[in-house]
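S.K.: Residue numbers for the sequence shown, in full-length UniProt numbering: 1 to 488.
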Amino acid sequence: MESTKILSSVLSIIFFFIMVAVIYSQFKKNKTADSNKTIEHFDGIDEKDAPIPKVFFAAYLIAFIGAIVYVLLYPSLASWKGFVGWTQADDAYVAKSVDINNDINGAINAHTDEETFTLLQKEPLVIQEGKAIFGDNCSACHGLDATGQHNYPNLVDKDWLYGGSPQDIYTTIYNGRHGKMPAWKEVLNGDDIDELTQYVSQLNKGPFESNDLFDANCSSCHGKDAQGTHGIGAPNLTNNIWLHGSTKDDIKRVIENGMSNTMPAFSERLTRNQMLSLTSYILSLQNEPQENIGLMQAKTYIFSRNEKPLPAVLATCVGCHGADGLGGVPGTPKLAGLKEAYIYNQLNLFVSGLRQNTTMQGMTANLSVEDKLLAASYFSSLDSPDISEIFPDKSAEGLIKDPTERLIFQGDWQRALPACATCHGQKTEGNPSFPRLAGQSSDYLEKQLFDWRTGVRSGDQGQMMQNVVRKLTDDEIKSLSKYLSKIK
Ligand code: HEC
Ligand code: HEC
Ligand code: HEC
Ligand code: HEC
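#1: Under the assumption that Ile241 contacts Asp145 (Cβ atoms under 8 angstroms), give the Cβ distance between them as a whole number of angstroms.
#2: Keeping to the same chain, check which residues put their C-beta closer than 7 angstroms to that of Ser442; ignore five residues upstream and five downstream.
#3: Quick one: what does DSSP say Arg355 is sitting in, helix, strand or coil?
#4: Mind pulling the alpha helix (DSSP H) runs of 4 or more residues that sit fully within the segment 133-171?
#5: Assess contact between the segment 309-328 and the segment 402-421, defined as three or more Cβ pairs (one per stretch) separated by less than 8 angstroms. Is contact present?
#6: When every heavy atom of ligand 2 is checked, does at least one fall within less than 7 angstroms of the C-beta of Ala216?
#7: Quick check: does the Cβ of Cys221 come within less than 7 angstroms of any heavy atom belonging to ligand 1?
#8: Suppose contacts are defined by Cβ-Cβ distances below 8 angstroms. Is Ser220 in contact with Gly331 by that definition?
#9: Could you name the residues of the same chain whose beta carbon sits closer than 7 angstroms to that of Gly337, not counting the 5 residues immediately before and after it, in chain order?
#10: Is it the case that the CB of Cys141 approaches a heavy atom of ligand 2 more closely than 7 angstroms?
#11: Among Leu213, Gly206, Phe450 and Gln167, which has the Cα closest to the Cα of Leu188?
#12: In whole angstroms, what separates the C-alpha of Gly181 from that of Asn261?
#13: Alpha carbon to alpha carbon, how far is Ser9 from Trp80?
#14: Between Trp452 and ligand 5, is the CB less than 7 angstroms from at least one heavy atom?
#15: Starting from Thr422, trace the alpha helix (DSSP H) both ways and give me its first and last residue.
#16: State the start and end residues of the unbroken alpha helix (DSSP H) segment that holds Thr65.
#17: May I ask you to report which of helix, strand or coil DSSP gives Ser35?
#18: Tell me which residues share the same chain as Ser277 and place their Cβ nearer than 8 angstroms to its Cβ, disregarding the 5 neighbours each side in the sequence.
#19: Can you grab the Cα-Cα spacing for the pair Gln426 / Phe391, in whole Å?
#20: Taking Cβ to Cβ, would you say Met275 is nearer than 8 angstroms to Tyr170?
#21: Among Leu335, Asn366, Pro333 and Ala419, which one has its Cα closest to the Cα of residue 497?
#22: Only counting the same chain, and skipping five residues up and downstream in sequence, which positions put a Cβ closer than 8 angstroms to that of His111?
#23: Using the Cα positions of Ala341 and Asn175, report the straight-line distance between them to the nearest angstrom.
#24: With a cut-off of 8 angstroms on the beta carbons, I'd call Gln414 and Ile400 a contact; round off their distance for me.
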């Protein structure tokens, strides 16, 4: 190291003197040069004794002075450090350390969930990282500016299929999503589909008016007022935002053929903190404060307790059946309180078509055996309200006075009708083979009993329920459903 320094210093000094000598000799030569004198004649060309053009001379001089200034300012000769005190390390390329992990872990550890996201959105490095990850993983479908395209939703417009709270967005990225709209061309006739197309295409134009066909077939997913259901990604049909096209032809095509739209899952490809920074980035694109942030208190699973969101298949189910299994969307049965084997069996009945319901057939068509077992074990593990002892009023002979109560607890031997309680349990609380009826939605119970009569529902072991329903009158079905739904 030292010897190369000495060698380069010696060479520098030698070159210095050579340069001085060259300049001096050229300077002298230019004075005596005569541009008219020919000093050589070769192959018809004369070489004249003209002086070097002044420009070259000046340039050479400037370079020489520049070199001297450089030697004075920067380390160049031996251990000379130069007047500006520069060292090599000053210019070494230092990658800016984007340590989002630090930022995110810090925010999570020190704050409540609610504060965490407000903080992360203000953290430029986190947003910058989120944007970079978005460019690499998401922009192909959602566009570089996240405004989406045909079939791929816009992520900056606050019209959410699955909800815009931080948890919703994180869950979407973690699990992916699968929006399933059933096909209606086999279920409804052409006139019905035309009526629905016309109805849906007008929904964004005026005050909401209900429609019987829509109520019966579409409202279970899109909502009674067509505002959509976030849990299952059924879009709002009243706001003139169309994922699959806005013309009547587009709308009709979706209704006839249904839709199966998939957003891939990223839990295997990205780390938790990468997904959190993506979530922060997407939130930061919403130019106004998130009104949804208030929702965080209710669902605190991701950040503070560091738990995973529900598996994708369950995330869809709870959109209608509720995370507590107690229902939510009207007409949707409570699943809490049903036993694992019963739930699993019903899922298979939907798949086989023995139990017909467009919504549930759509939901179950692509479930794997594992998915069905998972759903059955999840929903059967949820608590359902306890039922208190029931003491119906009885006559002197021990016959229950109220005819509805009598059917449930004693049956009617005249019609060879066993009591509902013989199978469904003393308090209709259910058991592994027979579903709980107590507290179930009355609309749902009534629909099931009529479905058995019309053959829409079948597949029950030994046609037990079909035989029961055959012997009941319409009025009995209605009053039984009301009574059972009120048992607490
Ligand atoms: C099982 C739930 C379900 C039912 C029942 C259902 N839909 Fe849908 N619908 C969806 C989902 C989910 C989507 C969004 C599909 C996607 O992810 O792209 C959708 C999308 C649509 C769209 C496209 C909206 C857009 O933005 O382009 C129309 C139109 C539509 N549904 C109309 C209907 C009508 C009319 C009915 C009743 C005949 C109906 N749907 C019943 C779940 C349902
Ligand atoms: C292969 C295409 C594709 C890629 C890649 C993709 N998405 Fe999606 N994304 C979709 C589709 C399709 C939907 C709509 C799903 C549905 O209709 O059920 C969607 C839905 C979403 C939603 C829900 C929108 C709403 O309105 O609720 C979010 C949030 C989202 N994507 C974020 C991302 C992020 C972040 C990435 C990158 C990590 C990403 N997506 C990558 C196709 C994609
Ligand atoms: C769009 C709303 C919706 C979604 C999403 C949904 N369901 Fe359902 N579910 C219903 C409706 C409506 C019924 C009643 C069907 C009928 O009338 O036969 C039902 C019935 C059921 C039943 C039968 C209950 C009983 O008492 O016999 C089970 C089990 C069930 N669903 C499980 C699931 C599972 C598992 C998922 C997720 C894969 C799911 N559901 C998703 C609306 C939904
Ligand atoms: C002989 C036994 C038996 C009797 C008696 C019986 N049930 Fe059932 N019930 C069943 C079975 C089995 C099922 C499950 C059917 C299946 O697996 O699809 C069922 C299911 C039901 C369901 C559907 C529940 C759900 O969650 O979808 C209703 C409603 C119902 N029974 C009402 C009644 C009423 C009301 C009575 C009395 C009038 C009654 N049952 C008497 C055996 C019985």
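Idealized CB from N, CA, C, for every residue including glycine.
M.R.: In short:
#1: On the sequence shown, residue 241 is found 241 positions in, with the first residue counted as 1. On the sequence shown, residue 145 is found 145 positions in, with the first residue counted as 1. Contact between Ile241 and Asp145 does not hold, since the beta-carbon distance rounds to 17 angstroms and is not under 8 angstroms.
#2: To locate residue 442, count along the sequence shown from 1; it is residue 442. Contacts found: Ser481, Lys482 and Ser485.
#3: Reading the sequence shown from its first residue, position 355 is the one you call residue 355. Arg355 falls in the strand class under three-state DSSP.
#4: Runs found: 139-142.
#5: Touching, no.
#6: In the sequence shown, residue 216 corresponds to position 216, counting from 1. In this structure, ligand 2 has no non-hydrogen atom nearer than 7 angstroms to the beta-carbon of Ala216.
#7: In the sequence shown, the residue the question calls residue 221 occupies position 221. Under cutoff, so the answer is yes.
#8: Here residue 220 refers to the residue found at position 220 when the sequence shown is read from its first residue. Here residue 331 refers to the residue found at position 331 when the sequence shown is read from its first residue. In contact: Ser220 and Gly331 (Cβ atoms closer than 8 angstroms).
#9: In the sequence shown, residue 337 corresponds to position 337, counting from 1. The residues are Ser384, Gly430 and Arg436.
#10: Residue numbering aside, residue 141 sits at position 141 when the sequence shown is read from its first letter. Result yes, Cβ under 7 angstroms from ligand 2.
#11: Taking the first residue of the sequence shown as 1, we reach residue 188 at position 188. Among Leu213, Gly206, Phe450 and Gln167, the Cα nearest to that of Leu188 belongs to Leu213.
#12: Position 181 of the sequence shown, counted from the start, is the residue given in the question as residue 181. Position 261 of the sequence shown, counted from the start, is the residue given in the question as residue 261. At residue 181 the sequence reads Met, which differs from the Gly that was named. The C-alpha of Met181 lies about 9 angstroms from the C-alpha of Asn261.
#13: What you label residue 9 is simply residue 9 of the sequence shown in a count that begins at 1. What you label residue 80 is simply residue 80 of the sequence shown in a count that begins at 1. Roughly 10 angstroms separates the two Cα atoms.
#14: As far as ligands go, the structure on display features ligand 1, ligand 2, ligand 3 and ligand 4 and does not contain ligand 5.
#15: Residue numbering aside, residue 422 sits at position 422 when the sequence shown is read from its first letter. Following the DSSP letters along the chain, one finds Thr422 inside the alpha helix (DSSP H) bounded by residues Cys420 to His424.
#16: Mapped onto the sequence shown, residue 65 falls at position 65. The sequence given here places Ile at residue 65; Thr does not occur at that position. Annotation: the continuous alpha helix (DSSP H) that includes Ile65 extends over Lys54 to Leu73.
#17: The count along the sequence shown starts at 1 and reaches residue 35 at position 35. The answer is strand: DSSP assigns Ser35 an E or B state.
#18: As a position in the sequence shown, residue 277 is number 277, starting the count at 1. Excluding residues within five positions, the ones whose Cβ falls inside 8 angstroms are Ile100, Ile104, Leu120, Val126, Ile127, Glu129, Gly130 and Ile133.
#19: Here residue 426 refers to the residue found at position 426 of the sequence shown. Here residue 391 refers to the residue found at position 391 of the sequence shown. Between Gln426 and Phe391, the C-alpha separation is close to 11 angstroms.
#20: To locate residue 275, count along the sequence shown from 1; it is residue 275. To locate residue 170, count along the sequence shown from 1; it is residue 170. For the pair Met275 and Tyr170, the CB atoms are nearer than the 8 angstroms cut-off.
#21: Within the shown structure, residues of the chain are numbered from 1 to 488, placing residue 497 beyond reach of any answer.
#22: The residue labelled residue 111 in the question sits at position 111 within the sequence shown. So the qualifying residues of the chain are Leu119.
#23: On the sequence shown, position 341 is the one that residue 341 refers to. On the sequence shown, position 175 is the one that residue 175 refers to. About 26 angstroms.
#24: In the sequence shown, counting from the first residue as 1, residue 414 sits at position 414. In the sequence shown, counting from the first residue as 1, residue 400 sits at position 400. The pair is not a contact, with the Cβ atoms about 14 angstroms apart (cut-off 8 angstroms).
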